[in-house]
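Peer 1: Residue numbers (the working numbering): 22 to 119.
No residue lacks a Cβ here, since even glycine has one placed at the ideal position from N, Cα and C.
The model shown is predicted, which means the values in this text are computed figures rather than measured ones.
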Amino acid sequence: MVPTRSLRRTTLGAALVMTAPATPMLFQGHEFLSAGAFREDEPLDWSRCDAYPGLVDLHRDLIRLRRNWFDTTRGLRGACAAGRCHVWYRPSRCRQKP
Numbered sequence: 022m023v024p025t026r027s028l029r030r031t032t033l034g035a036a037l038v039m040t041a042p043a044t045p046m047l048f049q050g051h052e053f054l055s056a057g058a059f060r061e062d063e064p065l066d067w068s069r070c071d072a073y074p075g076l077v078d079l080h081r082d083l084i085r086l087r088r089n090w091f092d093t094t095r096g097l098r099g100a101c102a103a104g105r106c107h108v109w110y111r112p113s114r115c116r117q118k119p
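In structure tokens:
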């Protein structure tokens, strides 16, 4: 059983990440409290979805809200969403000289 405080912090973190005006970064298994570091050679334990259905639903709903899935909200709009995003490139000062 996960402590209530951990669930609250995870919920708050997911809400902040999914409503921020940038590309959201979710870690593999975050939506069902998967422990441990990311390992490419180990598949996720999808049976954990049944252990935390409310948390999985929260992530699904936040993604739908962000994407305006049901056309009931404006979704996440802003300069970058409207195609007016500027990107700057700064060459590295640590490049090796030939």
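1. Apply the 10 Å Cβ neighbour rule to M46 and answer buried if 16 or more other Cβ atoms are within range, or exposed otherwise.
2. Could you name the residues of the same chain whose beta carbon sits closer than 7 Å to that of F59, not counting the 5 residues immediately before and after it, in chain order?
3. Taking the alpha-carbon positions, what's the D82 to P24 distance?
4. Grouping DSSP H, G and I as helix and E and B as strand, with all else coil, what is R60?
5. Tell me which same chain residues have a C-beta within less than 7 Å of the C-beta of L65, skipping the five on either side of it?
6. Quick one: what does DSSP say D66 is sitting in, helix, strand or coil?
7. Looking at the secondary structure, which residues open and close the alpha helix (DSSP H) in which D78 lies?
Peer 2: Let me spell this out:
1. Counting Cβ neighbours within 10 Å, M46 comes out exposed, since fewer than 16 surround it.
2. Correct list, in chain order: F48 and Q49.
3. Roughly 23 Å separates the two Cα atoms.
4. In the structure shown, R60 sits in coil (DSSP, three-state: anything other than H, G, I, E or B).
5. Excluding the 5 residues flanking it on each side, L65 has same chain C-beta neighbours closer than 7 Å at Q49, G50 and S55, in chain order.
6. Note: D66 maps to coil in three-state DSSP.
7. Boundaries of the alpha helix (DSSP H) harbouring D78: P74 to R88, taken from the DSSP string.
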